[in-house]
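Student:
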Amino acid sequence: MTCVELQESLIENDTGSTAAQRAHLKDCPHCADLVADLLVIACAAGDLRAAHEPGPHVWNSIESTLRREGIIKPFAHRSLLPSLTGSWGWATWALPVAAIVLISVGILVRPHGLSPELRTEGVTSRPASDAALDASIAGLNDNDLLAELAEQAPTLQAQYTENLRNVNDYIRDAKHSLEANPNDDEARRALMDAYQQKAMLFELALDRSLP
Amino acid sequence: MGGRLIDVGVCSAVLAVTMTAGIASAETHKELRFNVAPKAALSVNNPYGSVSVKPATGNSVVVNAVLWSDKVEVDNNFAGNRVDLQSHLLPGADAQSGRVDYEILVPPDTSLALHSSSGALRAEKLHGDVTLEGAAASVELRDINDAHVHVKTLNGPVTLTNVQSGYVEVDSLSGNVTLNGVNGPLVQVISTSGGISYLGDFGDHGEYRLTSHSGNIEAVVPDSTSADVSARSVRGEVHDDIPLQPKQHTSFVLKEGSAFWGTMGRAAVSSTVVLRSFDGKIHLRKRSAK
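Line by line, the protein sequences give chains E and P.
So in the numbering used here the end of the first sequence lands on 220, straight run, no missing numbers.
So in the numbering used here the end of the second sequence lands on 361, straight run, no missing numbers.
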């Protein structure tokens, strides 16, 4: 996989944890830096969204302009851009943000694959500790997802809740395993797999599967 | 509806809508036909209902859809050798009235992307790339060759049969995953609580990674299998019924009953097999002679 292919794949595969991507990120400090930068942008974007979210008329205006210029078409009666005013609202936008965060967590737990600069400088632009990082991930994801499910798809809430609990157990166990064996590549990979599972859960809940 | 786009200049679409009399519900049959070039792409987004894709001779994509009520429509778009189908739910539609079942015939080299929330997703006898995704959707793939295969489910079961020379990646939160005769350069299954069952010979020079947090993992292999196999369960049991030549150097401590690592068959042509679990049991056993 080349750098260009990696960057294109980040758009198409929001988990960013395919074997090919991981292999490339492990050996390419440039792309690893890029993904780390995306984390910073994603975190900052979350704060900006809360503070400066445009009104619905802004998004409607953008959407109507894109339609008028033929950039998006009215196929399937839904916008190709997630609407911030729709029933899923910001949560639809939160998916790629969450995915980027999870990808970057994966990078964080693969220090061998990153450049020394990233390992030192990158930390300063991320949350100060693992605990803070966990909190931000949990704050971004779990409660909001369950609240949305309760409102939009209550019949699915139980199964998502159970799976969410299980995948959080997976992440916890994987983290403990990595802490106990910090040089174990398989333990590191297990933590990435666990985060990938959680990213997939959110993708399924927010992106396509729910009618 | 305004959202329905058909590029009639490019495709020769035959649209036949037949109301089926005598059925209590307003069940409707719809047929669509698109003439495509080699290596076409087909995307189906169907919230409720099944999607079945089979090969056809010729260069047409033929869609037969059964709409279970008038509260759902089938929107289609054909452009750039790509066919998009969308089950469009109208107000008041639910899992029953919004259901659409698709039977689709495609040229075998067509790439597929199928999405469903609860219906069965099936594809067979194809050699284009396949992406199947759904929460509770069951996934069945059979006789797929030389393709990238990506499957994602929440709790829907996944069954792959006779997938050859594939780059296979399956992710399921809690659905059971069954691989029968699946091989290729990369075969990877990740599950949180679902079980994983592999029946096959692990091919040649491939990388096979079967991982579940709390689900059991079972691999059943024939005598002819050549593979470097490592298995480890943090809290579960690990059973190995096959004599392995132990590795001289291992990257983790081989604790009796919870891990093993060794070579079976001819090391020179062996694949790499990694079986990992935290709470689940891992069992490697030989396929019994029939």
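Using N, Cα and C, we set each Cβ at its ideal position, and we do this for glycine too.
1) Could you tell me whether the stretch 222-239 of chain P touches the stretch 253-263 of chain P, using the rule of 3 or more Cβ pairs below 8 Å?
2) What does I175 of chain P pair with, by DSSP beta-bridge criteria?
3) Have a look at the DSSP bridge pairing and note the partners of R104 of chain P.
4) I'd like to know whether the C-beta of A28 of chain E is nearer than 7 Å to at least one C-beta of chain P.
5) Compare the beta carbon distance of S341 of chain P and D299 of chain P with 7 Å and say whether it is the shorter of the two.
6) Which residues does DSSP pair with M335 of chain P in a beta bridge?
7) Alpha helix (DSSP H) containing Y179 of chain E: first to last residue?
8) Scan the stretch 184-233 of chain P and note each continuous beta strand (DSSP E) run of 3 residues or more that stays entirely inside, going in chain order.
9) Assign F149 of chain P to one of three DSSP states: helix, strand, or coil.
10) With 8 Å as the limit, tell me which residues of the stretch 183-195 of chain E have their beta carbon closer than that to any beta carbon of chain P; keep them in chain order.
11) Could you pull the start and end residues of the beta strand (DSSP E) that K207 of chain E belongs to?
12) DSSP state of H33 of chain E, grouped into three classes?
13) For L34 of chain E, which residues in chain P fall below 7 Å Cβ to Cβ?
14) Report the residues of the stretch 196-211 of chain E with a CB closer than 8 Å to any CB of chain P, ordered along the chain.
15) Identify the continuous beta strand (DSSP E) that holds A111 of chain P and give its terminal residues.
16) Can you find the residues in the same chain that come closer than 7 Å, C-beta to C-beta, to A203 of chain E, ignoring five residues on each side of it along the sequence?
17) Between the stretch 271-285 of chain P and the stretch 242-256 of chain P, can you find at least three pairs of beta-carbon atoms closer than 8 Å?
18) Taking all protein chains shown into account, do 16 or more other C-beta atoms lie within 10 angstroms of the C-beta of K110 of chain P, making it buried, or fewer, making it exposed?
19) Which residues mark the beginning and the end of the beta strand (DSSP E) in which E278 of chain P is found?
20) What are the boundary residues of the beta strand (DSSP E) that includes D311 of chain P?
21) Any beta carbon from chain E within less than 7 Å of S348 of chain P's own beta carbon?
22) Quick one: does N175 of chain E have its CB under 7 Å from some CB of chain P?
23) Just tell me which of P:N216, P:V229, P:S348 and P:G286 has its CA closest to the CA of G205 of chain P.
24) Using DSSP bridges, identify the partner residues of Y238 of chain P.
25) Give every residue of the same chain whose Cβ lies closer than 6 Å to the Cβ of E144 of chain P, excluding the five residues on either side of it in the sequence, and list them in chain order.
26) Is N152 of chain P a contact residue of the ligand FMN, with contact defined as CB to any heavy atom under 6 Å?
27) Which chain E residues are close to H276 of chain P, counting only those with a beta carbon under 7 Å from its beta carbon?
28) Beta-carbon of A155 of chain E versus every beta-carbon of chain P: anything under 7 Å?
29) N362 of chain P: buried (16+ other C-beta within 10 angstroms of its C-beta) or exposed?
30) Just checking: is the beta-carbon of L213 of chain E within a distance shorter than 7 Å of some beta-carbon in chain P?
31) Could you give the distance in angstroms between the alpha-carbon of V107 of chain P and the alpha-carbon of A208 of chain E?
32) Output yes if chain E places a C-beta closer than 7 Å to the C-beta of C82 of chain P; else output no.
33) Is A206 of chain P close to chain E? Criterion is C-beta to C-beta, closer than 7 Å.
34) Measuring alpha carbon to alpha carbon, tell me which of P:R280, P:T296, P:A112 and P:D165 ends up nearest D200 of chain P.
35) Kindly list, in the order they appear in chain E, the residues whose Cβ is closer than 8 Å to that of V259 of chain P.
36) Assuming Q167 of chain P and W139 of chain P make a contact with CB atoms under 8 Å, what is their CB distance in whole Å?
Tutor: With the given structure in hand:
1) yes
2) P:V124 and P:V134
3) P:V133
4) yes
5) yes
6) M335 of chain P pairs with P:A298.
7) P163 to A189
8) Those beta strand (DSSP E) runs which fall completely within the stretch 184-233 of chain P and span 3+ residues are 192-197, 201-205, 210-216 and 219-224.
9) strand
10) A183, S186, N190, D193, D194 and E195
11) Where K207 of chain E is concerned, there is no enclosing beta strand (DSSP E), although the alpha helix (DSSP H) it sits in stretches over D194 to E212.
12) helix
13) Per Cβ cutoff of 7 Å: no residues; L34 of chain E is ~17 Å from chain P at best.
14) A199, D202, A203, Q205, Q206, M209 and L210
15) Run containing A111 of chain P: none; DSSP gives neither H nor E here.
16) V176, Y179, I180 and A183
17) Touching, per the Cβ criterion.
18) By the neighbour-count definition (other C-beta atoms within 10 Å, threshold 16), K110 of chain P is an exposed residue.
19) E278 to S283
20) Looking at the DSSP string, the run of the beta strand (DSSP E) that includes D311 of chain P is V309 to D311.
21) no
22) yes
23) P:V229
24) P:H219 and P:L257
25) H159
26) Ligands displayed in this structure: none; no statement on the ligand FMN is therefore possible.
27) Going along chain E, no residue has its Cβ under 7 Å from H276 of chain P, so there is no contact; the nearest lies around 15 Å.
28) For the record, residue 155 of chain E in the displayed sequence is Leu; it is not Ala. No - not a single Cβ of chain P is within 7 Å of the one on L155 of chain E.
29) No information on residue 362 of chain P is available, as it lies outside the stretch 72 to 361 that chain P covers here.
30) yes
31) 35 Å
32) With a pLDDT of 42 at C82 of chain P, under the threshold of 50, the modelled position of this residue cannot be trusted, and the question is left open.
33) Yes, because at least one Cβ of chain E sits closer than 7 Å to the Cβ of A206 of chain P.
34) Among P:R280, P:T296, P:A112 and P:D165, the Cα nearest to that of D200 of chain P is on P:A112.
35) According to the sequence as given, residue 259 of chain P is Gln; it is not Val. Within 8 Å Cβ-Cβ: A28.
36) 7 Å
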